[in-house]
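Colleague: Before anything else, here's the structure in question.
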Ligand code: DP6
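Numbering (the working numbering), first residue to last: 2 to 354.
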């Protein structure tokens with residue numbers, strides 16, 4: 002490249018939402034390739050509430066790959082970033098910069114350095130799947146920058162998986178399954194969409210942020226220490242059926258049971274891992290009492306690797322009641338900051354005041 006060419010920068014920005022697992026992934030059969038011991042199912046949230054926005058840029062003026070997370074520079078030397086960048090560079094194509102007509106050749110991507118800046122609009126690493134949104138967004142933004150086209154469906158999800166397992170599910174909206182796959186190279190360990198965003202319109206998701214503090218045990222180290230939980234496996238087919246037929250009773254039973262088994266597994270790890278706190282347990286109690294009183298499930302809960310609750314309300318009316326109860330029983334305070342993110346119909350926020 003000539004000197005006058007060394008001033009250009011090419012840039013792309015993307016946004017990807019978090020996802021919340023209703024059948025959880027917890028344990029790897031291959032640590033390097035991030036291959037799970039079971040398939041998992043999640044729902045992808047609205048990007049307005051919980052998402053990562055990532056800008057990726059390339060320029061011959063950049064001397065090395067660099068990364069900023071929420072405005073702070075962090076190392077890009079981690080194996081997960083390196084793996085994602087390597088896989089994307091390997092799939093890069095010739096890209097024409099629209100404004101100047103300049104062509105970045107496929108082979109140029111091997112020597113061009115990348116700058117990455119990523120921001121979350123929600124607490125990082127507090128058990129709200131920040132790495133999922135982050136790596137999904139990174140891979141998607143790089144695909145736009147480098148002109149990467151999938152050679153098979155789900156190829157990008159397999160690359161996002163190398164960044165963080167749950168990230169593969171954030172590349173699709175709606176209900177998504179991460180298929181554990183069989184191949185040793187992980188090419189079939191991909192995410193597929195089970196039902197699109199518009200499916201099951203009645204369902205409302207409410208997130209109660211119990212604590213925005215960084216979790217003490219990361220998912221990665223936590224699951225290394227946990228034992229394999231086979232009971233989770235048998236729910237998978239039933240969960241898929243419940244989602245497709247919009248059967249809230251079944252969906253709620255399996256979602257809560259899966260969450261409780263996951264946290265039981267965490268407690269059964271040596272030394273035990275505590276992700277739930279007193280407020281989380283009170284929230285579980287509130288939902289359990291409500292459902293028992295109603296005779297059939299109206300609300301379901303699930304907790305990832307942190308104390309924050311993700312609650313599913315059967316419909317808008319139930320969601321409005323739930324929000325009212327949350328505001329009444331858990332008023333925002335110094336140690337409990339239950340702010341509310343709602344996925345689904347926004348009008349319930351007004352009705353809950
Ligand atoms: C409890 O995807 O964060 O949220 O693959 O090691 O990056 P790594 O772990 P990560 O684990 C998520 C665990 C979970 C359950 C789930 O999302 O399925």
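All C-beta atoms, glycine included, are put in the ideal place defined by N, C-alpha and C.
The structure presented is a predicted model; accordingly, all values stated were derived computationally and were not measured.
#1: Taking the continuous beta strand (DSSP E) assigned at residue 106, which residues delimit it?
#2: Check the C-beta distance from residue 223 over to residue 185 and give it rounded, since I have them as a contact under 8 Å.
#3: Can you tell me whether residue 38 sits near the ligand DP6, meaning its C-beta is under 6 Å from at least one heavy atom of the ligand?
#4: From residue 188 to residue 156, what does the alpha carbon distance come to, in whole angstroms?
#5: Less than 6 Å between the CB of residue 306 and some heavy atom of the ligand DP6, yes or no?
#6: Span of the beta strand (DSSP E) holding residue 111?
#7: Starting from the C-beta of residue 138, find all residues in its chain whose C-beta is less than 6 Å away, skip the five residues before and the five after it, and write them out in chain order.
#8: Return yes when the C-beta of residue 266 is under 6 Å from any heavy atom of the ligand DP6, and no when it is not.
#9: So, helix, strand or coil for residue 98, using DSSP?
#10: With a CB to CB cut of under 8 Å and the five nearest residues on each side skipped, what residues in its chain are close to residue 175?
#11: Can you give me the C-alpha to C-alpha distance between residue 29 and residue 226, rounded to a whole angstrom?
#12: Please state the DSSP three-state secondary structure of residue 82.
#13: Would you mind sorting residue 264 into buried or exposed? The rule is 16 or more other CB atoms within 10 Å of its CB.
#14: For residue 243, I'd like the list of residues in its chain whose CB is within less than 6 Å of its CB, leaving aside the five on either flank, ordered along the chain.
#15: Residue 241 by DSSP, collapsed to three states: which one?
#16: Does the distance from the CB of residue 180 to the CB of residue 40 come in under 7 Å?
#17: With C-beta atoms as the reference, is residue 177 less than 7 Å away from residue 314?
#18: Count the other CB atoms within 10 Å of the CB of residue 94; is the residue buried (16 or more) or exposed (fewer)?
#19: To the nearest whole angstrom, what separates the beta carbons of residue 240 and residue 24, a pair I think is in contact under 8 Å?
#20: Tell me, please, which residues DSSP counts as bridged to residue 156.
#21: For residue 83, verify whether its CB is less than 6 Å away from any heavy atom of the ligand DP6.
#22: Determine the DSSP secondary structure at residue 247, reduced to helix, strand or coil.
#23: If we ignore side chains and look at the alpha-carbon of each, how far apart do residue 202 and residue 247 end up?
#24: Need the endpoints of the beta strand (DSSP E) that residue 134 sits in, please.
#25: List, from N- to C-terminal side, the alpha helix (DSSP H) runs of 4 residues or more that fit wholly inside the stretch 253 to 327.
#26: Expressed to the nearest angstrom, what Euclidean distance is found between the alpha-carbon atoms of residue 48 and residue 121?
#27: Use the C-beta contact count for residue 266: other C-beta atoms within 10 angstroms, 16 or more gives buried, fewer gives exposed.
#28: Over what stretch of residues does the beta strand (DSSP E) that includes residue 178 continue unbroken?
#29: Can the beta-carbon of residue 211 be found closer than 7 Å to that of residue 308?
Modeller: Based on what the coordinates show:
#1: Element bounds for residue 106: n/a, residue is neither H nor E.
#2: At roughly 25 Å, the Cβ-Cβ gap does not stay under 8 Å, so residue 223 and residue 185 are not in contact.
#3: No, since every heavy atom of the ligand DP6 falls outside the 6 Å radius drawn around the Cβ of residue 38.
#4: Their Cα atoms are separated by approximately 7 Å.
#5: Answer for residue 306: yes, Cβ within range of the ligand DP6.
#6: First-last for residue 111: undefined, no H or E at that position.
#7: Here residue 138 has 15, 17, 53, 55 as same chain residues with Cβ atoms under 6 Å from its own Cβ, once five neighbours each way along the sequence are excluded.
#8: Set against 6 Å, the gap from the CB of residue 266 to the closest heavy atom of the ligand DP6 is not smaller.
#9: If DSSP states are grouped into helix, strand and coil, residue 98 belongs with coil.
#10: Cβ neighbours of residue 175 beyond the five flanking positions: 44, 45, 194, 195, 196, 197, 198, 199, 200.
#11: The straight-line gap separating the alpha-carbon atoms of residue 29 and residue 226 is approximately 11 Å.
#12: In the structure shown, residue 82 sits in a helix (DSSP, three-state: H, G or I).
#13: Residue 264 counts as buried, since at least 16 other C-beta atoms from the protein chains shown sit within 10 angstroms of its C-beta.
#14: Cβ-Cβ distances below 6 Å link residue 243 to 251, 252 in the same chain, with the five nearest sequence neighbours on each side left out; the list follows chain order.
#15: Helix.
#16: Taking 7 Å as the Cβ cut-off, residue 180 and residue 40 qualify as a contacting pair.
#17: Contact annotation: residue 177 and residue 314 have beta-carbon atoms that are not nearer than 7 Å.
#18: Residue 94 comes out exposed.
#19: Correct: roughly 5 Å between the Cβ atoms.
#20: Here residue 156 is not bridged, per DSSP, to any residue.
#21: Checking every heavy atom of the ligand DP6 against the Cβ of residue 83, none is found closer than 6 Å.
#22: Coil at residue 247, not helix or strand.
#23: Whole-angstrom Cα-Cα distance: 9 Å.
#24: Not the beta strand (DSSP E): residue 134 falls in the alpha helix (DSSP H), residues 131 to 147.
#25: Counting whole runs of 4 or more residues, the stretch 253 to 327 contains the alpha helix (DSSP H) stretches 279 to 295.
#26: The alpha-carbon atoms of residue 48 and residue 121 are separated by roughly 10 Å.
#27: Counting of Cβ neighbours within 10 angstroms places residue 266 among the buried residues, the total reaching 16 or more.
#28: Its beta strand (DSSP E) spans residues 176 to 179.
#29: Yes; because the gap between Cβ atoms is below 7 Å, this pair is in contact.
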